[in-house]
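Numbering (the UniProt record's numbering), first residue to last: 1 to 206. Glycine included, C-beta positions come from ideal geometry on N, C-alpha and C.
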């Protein structure tokens, strides 16, 4: 497969389709997928070949993998919830950390002196998002491109924090799972019930 030259419209488009399929499969939570077998199945479908194994056998295998994935997600969620609660409990004891009535925790790294956005505003921010174990799942800082969005267009922990931050501020947010993505998580990067840590710099109100 590595000797395919991506030098025509057809090969580039084909490669793009493969990337999209790969991304979807990577986010599916299905473990143990065999790349060669996937390619073989695609080739058989595109060329009209008869499947080498019965449809019932394929469906049984798919059900088994989905069951395993659901069990793995449930276990991951259980661990994430326990880890998040323990992390936030310890973090709340730090002198630098303020805990709001909702359970949101924040630490002021830089105190700005600009305007504080209201719920009807849009903002421009830089942010760096991590799980409590330090795993980075998203970062406008790494991309080098600030993000712009409505104050109320983000997770609840952000909505609350943004309406307390003067422009020019940089805060570190420690967000309980119920103020983040809760039971649904977010893609493969953020498991269900995960507490999140963000460094947020409020650059401007738009």
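DSSP places residue 83 in the uninterrupted alpha helix (DSSP H) bounded by 55-91. When only Cα atoms are considered, residue 188 and residue 142 end up about 19 Å apart. Annotation: residue 102 is outside any beta strand (DSSP E) and is labelled neither H nor E by DSSP. In this structure the stretch 166-178 touches the stretch 95-104; the number of beta carbon pairs closer than 8 Å is three or more. Looking at the DSSP output, residue 131 shares a beta bridge with 196. With a 10 Å radius around the Cβ and a threshold of 16 neighbouring Cβ atoms, residue 123 comes out buried.
With a threshold of 16 other beta carbon atoms within 10 Å, residue 105 meets it and is buried. Within 10 angstroms of the beta-carbon of residue 166 lie fewer than 16 other beta-carbons, which makes it exposed. Residue 162 and residue 198 have their C-alpha atoms roughly 12 Å apart. Rounded to whole angstroms, residue 136 and residue 62 show a C-alpha spacing of 31 Å. Counting other Cβ atoms within 10 Å of its Cβ, residue 42 stays below 16 and is therefore classed as exposed. Under the 8 Å Cβ criterion, the stretch 180-195 counts as touching the stretch 26-42, having at least three qualifying pairs.
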